[in-house]
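Notes follow the structure.
Residue numbers (my numbering): 4 to 284.
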């Protein structure tokens, strides 16, 4: 069942994280990261924490490393020199969780999990500076039971880093998409509405960061009211299921997306899986 997860994988924040975020206070970031871990546990998941890896400054961004749907994990090929991050996640998925793992083998394919949005009915892949059409093809080949919709990801202010699909839109419930009001997000949701196989209820949120939320096991995890004062009332009025506010003021100020910091895993025990190749043709 979509959005029902057993496990979450996170990786602790290294001192080298400051290479990507020069103004970040590492100890404060780590404390807020632990807050997220506790919220994930409250959402009825076992949390697997990978230890600090100083060689990989972006290693906390575990959502970039894999696309996981129905017991299958497609290992991604993120932009830049991040294969060490992929190896750590692959090992965790295989050895600790016994997951079926698929590998990208299309030459030139580039794919980050933060550009992939699973709606429960279809997969939306955003073509960005870090994900290309060959990467989207790998997603389609790995999960043929779901239609794949490809959309473009307009870039926000380049001074704030590269924009991923989930920086603009996220699932906020079953058939519910949260989106910010900035032009890039509005352009993306219009393209989704036009191209997607299925229709969705859209919640428009004034603060861009408010749309970066997690729908897990019937709970909507979103930023706390003081961080999204203009959006909290919309969540209260539009969402009639359980909500868990989370306070991440420093990470939010540094524009660290919450969704990048956890990799959600749905693993069905004793499931009758199809035989799937570990590499894509």
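Note that CB positions come from ideal geometry on N, CA and C, so glycine has one too.
Treat the numbers as computed from the prediction; the structure is a model and nothing was measured.
Quick one, are the C-beta atoms of residue 76 and residue 112 less than 7 Å apart?
For residue 76 and residue 112, no; Cβs fall outside 7 Å.
Quick check: what's the CA-CA separation for residue 47 versus residue 217?
Cα atoms of residue 47 and residue 217: separation of roughly 14 Å, rounded to the nearest angstrom.
Rounded straight-line distance, which links the Cα of residue 83 to that of residue 60:
12 Å
Is it buried or exposed, residue 63, if we count other Cβ atoms within 10 angstroms and call 16 or more buried?
buried
Would you say residue 236 and residue 211 are within 7 Å of each other, going by their C-beta atoms?
no
Beta-carbon proximity of residue 27 to residue 19, cut-off 7 Å:
Against a cut-off of 7 Å, the Cβ pair of residue 19 and residue 27 comes out as no contact.
Just to check my reading of the structure: residue 143 and residue 151 have Cβ atoms closer than 8 Å, yes? What is that Cβ distance to the nearest angstrom?
4 Å
Quick check for students: name the residue ranges of the alpha helix (DSSP H) that lie wholly in the segment 128-155, counting only runs of 4 or more.
136-145
Would you call residue 4 buried or exposed, if buried means 16 or more other Cβ atoms sit within 10 Å of its Cβ?
exposed
Which value, in whole angstroms, describes the spacing of the CA atoms of residue 275 and residue 68?
Residue placement at residue 275 is flagged as unreliable, the pLDDT there being 38, under the threshold of 50; the coordinate-derived value follows with that caveat. Going from the Cα of residue 275 to the Cα of residue 68 covers about 25 Å.
Between residue 261 and residue 215, is the Cβ-Cβ spacing less than 7 Å?
yes
Between the Cα of residue 169 and those of 102, 188 and 177, spot the shortest distance and give me the residue it belongs to.
Residue 169 has its Cα closest to that of 188, out of 102, 188 and 177.
Give the range of the beta strand (DSSP E) segment to which residue 340 is assigned.
In the structure as shown, the chain begins at 4 and stops at 284. Residue 340 is therefore absent and cannot be evaluated.
Would you mind reading off the limits of the beta strand (DSSP E) that contains residue 204?
204-208
Go through its chain and collect everything with a Cβ distance to residue 248's Cβ below 6 Å, but skip five positions before and after it.
227
Measuring CB to CB, does residue 297 end up less than 7 Å from residue 191?
As shown, the chain starts at 4 and ends at 284. That puts residue 297 outside it, with no answer to give.
Closer than 7 Å by C-beta to residue 102: which residues in its own chain qualify, once you throw out the five before and the five after it? Chain order, please.
74, 76, 96 and 270
With 16 other Cβ atoms within 10 Å as the buried cut-off, status of residue 98:
exposed
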